[in-house]
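In the working numbering, the protein residues as written are 79 to 399. From the three backbone atoms N, C-alpha and C, an ideal C-beta is built for every residue, glycine too. Since the model is a prediction, treat every value here as computed from it, not as a measurement.
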């Protein structure tokens with residue numbers, strides 16, 4: 079994992095150094111210096127506030143599945159999972175399922191199912207907030223899209239569908255080389271069953287609302303950053319920038335959405351009237367607060383819990399090479 083973090087850091091530095099050179103080193107530096115010092119404190123504070131809301135969602139999901147944890151115990155595992163926030167689609171956070179199993183004896187499918195439900199709620203909330211930012215003309219379409227997303231997820235995790243998939247797996251010819259893959263697929267089916275429990279109206283609503291609050295908080299941060307740089311971007315426009323940045327990173331399937339997220343954020347900001355150097359400066363601060371800081375906190379939390387990293391390496395060496 080350390081090597082991947084280092085490679086990701088190098089890639090991020092190369093991307094931002096290249097953009098800074100293209101946009102003008104002096105202009106970008108001037109924009110960063112123009113930010114009042116208070117924003118270097120408010121930015122991380124907003125990010126931490128967002129993750130406090132997501133921690134509440136994590137705790138709520140655990141209780142809903144019948145595996146409650148004290149706040150401190152749940153927070154320690156949640157924080158360690160932030161070390162994997164840069165994985166494509168944030169799928170690496172599913173490793174929390176292994177940590178829950180090893181430390182608390184929970185089924186592996188609990189943490190994996192929660193991760194799947196979190197990503198679904200994140201996607202649904204992003205669509206809703208994005209539609210709010212774009213205006214009324216797409217609001218109804220986004221509601222329909224979110225409903226279809228929820229219904230499709232519910233259908234795919236229906237017990238009958240899962241049973242048919244399991245029977246299909248049982249009918250496949252057994253081969254020694256496939257044993258690991260078959261075991262993984264069975265665990266995935268069980269995790270989808272857990273996910274279905276979290277797609278009932280109440281947990282789906284709670285998860286989506288908390289994720290929406292996070293998008294809006296971070297959009298508010300963008301409003302403040304651009305305002306400090308002398309660019310008049312309102313909350314709706316900032317909501318479009320923030321959610322489109324997140325969605326662009328997910329669609330790209332690149333670690334942390336490097337490159338695509340930055341291009342989306344800068345392009346939309348310039349469309350709304352920001353200059354190139356101002357857009358890059360605000361995007362840099364946003365990414366530091368929403369990606370680099372959580373990842374750093376996650377690495378620290380993981381290092382302070384050596385039992386998690388040691389056992390995860392033993393059980394899933396391929397994920398930490």
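Membership of residue 139 in the alpha helix (DSSP H) is indicated by the continuous run 116-142.
By the criterion of a C-beta distance shorter than 8 Å, residue 130 is surrounded by no residue of its chain, once the five residues flanking it on both sides are discounted.
In chain order, 199, 202, 203 place their CB closer than 6 Å to the CB of residue 286, counting only its own chain and leaving out the 5 sequence neighbours on each side. Within a 10 Å sphere around the beta-carbon of residue 293 sit 16 or more other beta-carbons, which makes this residue buried. Its Cα nearest to that of residue 165, the residue 373 stands out among 387, 373, 381, 380. Nearest C-alpha to residue 282 among 314, 327, 194: 194. The shortest CA-to-CA distance from residue 122 to any of 181, 307, 366, 112 is the one to 366.
The straight-line gap separating the alpha-carbon atoms of residue 323 and residue 369 is approximately 12 Å.
When DSSP states are grouped into helix, strand and coil, residue 309 belongs to the coil group.
Going by DSSP, residue 372 is part of the alpha helix (DSSP H) stretching over 371-381. Sorting 210, 295, 321, 317 by C-alpha distance to the C-alpha of residue 124 places 295 at the top. When C-alpha distances from residue 114 are compared across 360, 126, 152, 187, the shortest belongs to 360. With contacts defined by Cβ atoms closer than 7 Å, residue 343 and residue 319 form a contacting pair. Taking C-beta atoms as the reference points, residue 152 and residue 273 fail to come closer than 7 Å. Between the region 343-354 and the region 132-147 there are fewer than three C-beta pairs closer than 8 Å, too few to call the two in contact. In the DSSP assignment, residue 361 falls within the alpha helix (DSSP H) that extends over 354-365. At the C-beta level, residue 188 and residue 149 stay beyond 7 Å of one another. If you look at residue 158, you'll find it in the alpha helix (DSSP H) that goes 149-159. In the three-state reduction of the DSSP assignment, residue 322 falls in the helix class, which pools H, G and I. Under the three-state reduction of DSSP output, residue 304 falls in the helix class.
Here residue 380 really is in contact with residue 158; their C-beta atoms are around 4 Å apart, less than 8 Å. Looking from the CA of residue 289, the closest CA among 340, 308, 128 belongs to 128. Residue environment analysis places residue 155 among the buried positions, since at least 16 neighbouring C-beta atoms fall within 10 angstroms of its C-beta. Excluding residues up to 5 positions away in sequence, 98, 355, 358, 359 lie with their Cβ nearer than 7 Å to the Cβ of residue 106 in the same chain. For the 7 Å CB-CB criterion, residue 337 and residue 327 do not form a contact.
When C-alpha distances from residue 111 are compared across 278, 307, 378, the shortest belongs to 307.
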